[in-house]
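In what follows, a single structure is set out as structure tokens and then discussed.
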Amino acid sequence: MKKRTKEILDILDQQFGTEYKCYLNYETPWQLLAATMLSAQCTDARVNIVTKDLFQKYTSPGDIAAADLKELEEDIRPTGFYHNKAKNLIACMKDIHEKYHDEVPSTLEELTSLAGVGRKTANVIRGNIYHDPSVVVDTHVKRISRRLGFTTNEDPEKIEQDLMKELPKDHWILYNIQIIQFGRTICTARSPKCGECSLQKYCEEYKIKGKV
DNA sequence: CTCCCGATAT
DNA sequence: ATATCAGGAG
1 MKKRTKEILD
11 ILDQQFGTEY
21 KCYLNYETPW
31 QLLAATMLSA
41 QCTDARVNIV
51 TKDLFQKYTS
61 PGDIAAADLK
71 ELEEDIRPTG
81 FYHNKAKNLI
91 ACMKDIHEKY
101 HDEVPSTLEE
111 LTSLAGVGRK
121 TANVIRGNIY
131 HDPSVVVDTH
141 VKRISRRLGF
151 TTNEDPEKIE
161 QDLMKELPKD
171 HWILYNIQII
181 QFGRTICTAR
191 SPKCGECSLQ
201 KYCEEYKIKG
211 KV
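In structure tokens, the structure reads:
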């Protein structure tokens, strides 16, 4: 690992801690899967509001699989993209229930074969549930990894590979968790708080623009 | 590349 | 008014 990279990771560890704390609320693996599916282009805070009621109403994958489409759409409407998300949730949970007997699969291939589950969601499950080292590239990781100069790519899969080369395996999951927190509070997309940023000297965008 | 889409911050 | 939010599929 480069010295510069270690310095950045040390600062992240110190500022955001080293606890594997997921910011989507869930009790069981299938609930994390559902919550992550709902989190596309939506704040995790809003997902948590929706899932609080959702997981009381539907208490198993089979419950979601058997749900009425229109009713489920209304249940998840505030998260946006609700037609697609409801349809995918039903199809996905039907597979979890019937094909996998209520167990969430653990391989990238099995996970991404589920409706509405792409690479990002699959890696969240692998990392948080099965503790398999995996790099999750979401909107925060993409933006901040580019600002930190860990990648110059736009494509999430290429960014994933760049990060796997850049970061030690035991920090892959932690990096994602820390960057989300960092991205929500300081290194935001629109008007980042560069004045309070502990990583300012490492920021490629700050170097160019003086302020992002 | 385009579409899906409500809620909030700027 | 518009950009953005733990993306994925056709």
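In this text, residue positions in the first sequence follow full-length UniProt numbering: the first is 1, and each later residue adds one.
All residues carry an ideal CB built from backbone N, CA and C; glycine is no exception.
Check	Outcome
Between the CA atoms of T152 and K201 - distance to the nearest angstrom	18 Å
Every unbroken alpha helix (DSSP H) inside the segment 78-128 [4 residues or more]	82-98, 108-112, 119-128
Beta-carbon proximity of L69 to V47, cut-off 8 Å	no
Span of the alpha helix (DSSP H), counted from its first residue to its last, around A189	Unbroken run through A189: none, as it is neither H nor E.
CB contact flag (G116, I144, <8 Å)	no
Coarse secondary structure for P168, derived from DSSP in three states	coil
Buried or exposed (CB count within 10 angstroms, at least 16 for buried), S39	buried
Extent of the continuous alpha helix (DSSP H) to which S134 belongs	Where S134 is concerned, there is no enclosing alpha helix (DSSP H), given that its DSSP letter is neither H nor E.
Per-residue burial, S134 [other beta carbons within 10 Å of its own, 16 or more giving buried]	buried
For Q181, the three-state DSSP class (helix, strand or coil)	helix
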